[in-house]
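Have a look at the structure below before the remarks.
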Amino acid sequence: MGSRIKTMKRQAAELGRIRTGYSRPNPNPDRGPIPVKSKTFVLTSHSRDYVAAAAELYGGRVEQWTPQRQSIAQWRVITEAPELKAILPAGDPLSQNYEKWGGGGCERRCDGEFESIKRQPCVCLAKYGEDWHERPPTQVCRPTSRIGVFLPDLPDLGVWRLETKSYYAADALAGGLDTVLQATEGKGMMPVRMWIEQRTRVVDGETKQYQVVMVVPSLPKLRHALSGPISTAAALDPSTLDRPAIEAGPAADPVDYRTEARECRTADDVLQVWYRARAAGHGEDRELWADLKGIAEAIGKGIDPSTGEVLGDQDDEPGPDADGAYDVEVVDDEPPVADASAVSWPQAAQPGQGARR
439 MGSRIKTMKR QAAELGRIRT GYSRPNPNPD RGPIPVKSKT FVLTSHSRDY
489 VAAAAELYGG RVEQWTPQRQ SIAQWRVITE APELKAILPA GDPLSQNYEK
539 WGGGGCERRC DGEFESIKRQ PCVCLAKYGE DWHERPPTQV CRPTSRIGVF
589 LPDLPDLGVW RLETKSYYAA DALAGGLDTV LQATEGKGMM PVRMWIEQRT
639 RVVDGETKQY QVVMVVPSLP KLRHALSGPI STAAALDPST LDRPAIEAGP
689 AADPVDYRTE ARECRTADDV LQVWYRARAA GHGEDRELWA DLKGIAEAIG
739 KGIDPSTGEV LGDQDDEPGP DADGAYDVEV VDDEPPVADA SAVSWPQAAQ
789 PGQGARR
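Mapped onto the working numbering, the consecutive letters of the sequence shown carry residue numbers 439 to 795.
Okay, here's the thing in structure tokens:
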């Protein structure tokens with residue numbers, strides 16, 4: 439049996455990233471690229487094959503691209519699809535921190551109260567007060583939200599990391615995911631729809647535009663998202679959750695009750711065959727019930743149910759043997775049932791009512 443390093447994180451391979459913006463060249467060569475907020479998601483990866491598959495699925499043009507402050511070229515596509523369908527893995531897929539990055543990498547990483555890199559209280563809060571997040575990103579940390587999701591219609595097993603630095607998106611993401619996690623306890627996958635929503639707000643008489651990344655459960659009904667974990671099959675095809683359950687019928691039964699009934703000698707014997715069939719789960723099989731009842735009636739009338747021919751006269755007295763002796767007639771305590779009318783034949787159960795006796 440295999441073993442694991444207990445302190446090691448077990449993460450799926452990261453195939454690429456899902457971004458909410460891109461940059462375009464600056465006409466002024468002395469200045470850096472101009473950031474652009476995208477209305478649709480931008481998918482980037484080191485693999486051209488992944489980006490090409492995304493372009494075929496979501497629209498857009500594959501192009502080579504080099505991230506800022508990096509020297510290794512990647513591939514990207516600015517998608518044309520209004521939304522992406524993804525699957526959240528089990529557990530808590532959301533990671534959020536206030537972060538400040540510089541030329542040497544991440545300089546500060548804070549949860550709003552404690553900065554973990556230099557192990558000190560929140561620098562931004564101490565310096566600028568509770569409204570520090572309204573200051574430009576050059577001065578303060580930026581709220582950074584990351585979610586690893588599966589894109590089930592793209593190749594290979596791995597996650598695509600969605601990253602946004604929007605303050606309002608961070609709040610909306612955490613609220614929506616926490617509601618789902620409270621119901622599922624993070625024990626199963628969850629299909630979601632993701633899109634970029636453009637919003638406005640008024641601050642000090644000035645209207646400002648901002649983006650919010652919406653991640654909502656992609657399920658037929660809200661109750662499906664709040665009723666506990668769902669199966670992997672349902673996560674891949676959520677429509678199955680709203681399909682009526684197929685009523686379970688009797689298990690495959692090797693017994694041929696019709697053949698067995700035709701071999702019976704009396705209508706009462708056929709009735710016993712029906713009881714066995716009903717006990718095996720065929721109590722609502724009205725076709726079988728009608729066939730067995732018809733066989734019982736035929737036998738009761740002296741007709742062979744297999745051929746439809748009249749049986750021999752059962753009342754003929756047997757003759758003596760060669761020595762002139764007659765067979766001894768054995769008389770039962772109760773006479774056998776001669777026809778179906780003397781048998782209390784039960785009605786077949788109506789569908790959903792179960793068998794009655």
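Ideal Cβ placement from N, Cα and C applies to all residues, glycine included.
Alpha-carbon to alpha-carbon, residue j and residue i
{"i": "P575", "j": "Y648", "result": "15 Å"}
{"i": "A451", "j": "W598", "result": "9 Å"}
{"i": "A618", "j": "V587", "result": "Correcting the residue identity first, residue 618 is Val in this sequence and not Ala. So the alpha carbons of these two residues sit roughly 15 Å apart."}
{"i": "E767", "j": "G738", "result": "Legend: pLDDT at E767 = 46, less than 50; position of this residue unreliable, value from coordinates given subsequently. If I take the Cα positions, the gap works out to 22 Å."}
{"i": "Y496", "j": "D569", "result": "39 Å"}
{"i": "L674", "j": "K625", "result": "16 Å"}
{"i": "G643", "j": "H571", "result": "18 Å"}
{"i": "E772", "j": "A736", "result": "Per-residue confidence for E772 stands at a pLDDT of 42, beneath the threshold of 50, marking its modelled position as unreliable; the derived number appears in the next sentence. Answer to the nearest angstrom: the Cα atoms are 22 Å apart."}
{"i": "A717", "j": "P743", "result": "24 Å"}
{"i": "G529", "j": "R584", "result": "14 Å"}
{"i": "G470", "j": "N464", "result": "6 Å"}
{"i": "A621", "j": "W539", "result": "35 Å"}
{"i": "E545", "j": "Q506", "result": "17 Å"}
{"i": "P590", "j": "L563", "result": "41 Å"}
{"i": "S656", "j": "A672", "result": "11 Å"}
{"i": "K556", "j": "D549", "result": "13 Å"}
{"i": "L730", "j": "E623", "result": "53 Å"}
{"i": "P559", "j": "Y566", "result": "13 Å"}
{"i": "D609", "j": "T645", "result": "20 Å"}
{"i": "E701", "j": "E722", "result": "23 Å"}
DSSP three-state assignment for residue i, whether helix, strand or coil
{"i": "S677", "result": "helix"}
{"i": "C702", "result": "coil"}
{"i": "A776", "result": "Any reading at A776 is ruled out, since the residue's pLDDT is 39, under 50, leaving its predicted position unreliable."}
{"i": "R557", "result": "coil"}
{"i": "Q620", "result": "helix"}
{"i": "C579", "result": "coil"}
{"i": "L453", "result": "strand"}
{"i": "L731", "result": "Checking the sequence shown, residue 731 turns out to be Lys, not Leu. The answer is helix: DSSP assigns K731 an H, G or I state."}
{"i": "V653", "result": "strand"}
{"i": "R469", "result": "coil"}
{"i": "V693", "result": "coil"}
{"i": "I737", "result": "helix"}
{"i": "W712", "result": "helix"}
{"i": "R631", "result": "strand"}
{"i": "Y745", "result": "Checking the displayed sequence, the identity of residue 745 turns out to be Thr instead of Tyr. It is coil, neither helix nor strand."}
{"i": "T645", "result": "strand"}
{"i": "E601", "result": "strand"}
{"i": "G626", "result": "coil"}
{"i": "G459", "result": "strand"}
{"i": "T504", "result": "coil"}
{"i": "R499", "result": "coil"}
{"i": "G596", "result": "coil"}
{"i": "T670", "result": "helix"}
{"i": "R724", "result": "helix"}
CB of residue i within 8 Å of CB of residue j, strictly
{"i": "Y606", "j": "C579", "result": "no"}
{"i": "Y460", "j": "S476", "result": "yes"}
{"i": "T582", "j": "Q534", "result": "yes"}
{"i": "A699", "j": "V711", "result": "yes"}
{"i": "A524", "j": "V630", "result": "yes"}
{"i": "L453", "j": "L532", "result": "no"}
{"i": "V651", "j": "L600", "result": "yes"}
{"i": "V653", "j": "G614", "result": "yes"}
{"i": "V480", "j": "R462", "result": "no"}
{"i": "I668", "j": "L660", "result": "no"}
{"i": "L526", "j": "M628", "result": "yes"}
{"i": "A492", "j": "L592", "result": "yes"}
{"i": "A511", "j": "T504", "result": "yes"}
{"i": "I634", "j": "T482", "result": "no"}
Distance between beta carbons of residue j and residue i, contact taken as under 8 Å
{"i": "I733", "j": "V693", "result": "Not confirmed; about 15 Å, so no contact."}
{"i": "R514", "j": "E494", "result": "R514 to E494, Cβ: 15 Å. No contact."}
Test: residue i CB closer than 8 Å to a CB of chain B
{"i": "Q534", "result": "No chain B appears in the structure shown, which is made up of a single protein chain."}
If you scan the stretch 523 to 569 from start to end, which runs of the beta strand (DSSP E) of 3 or more residues do you find wholly inside it? Fully enclosed beta strand (DSSP E) runs of 3 or longer: 532 to 540 and 543 to 548.
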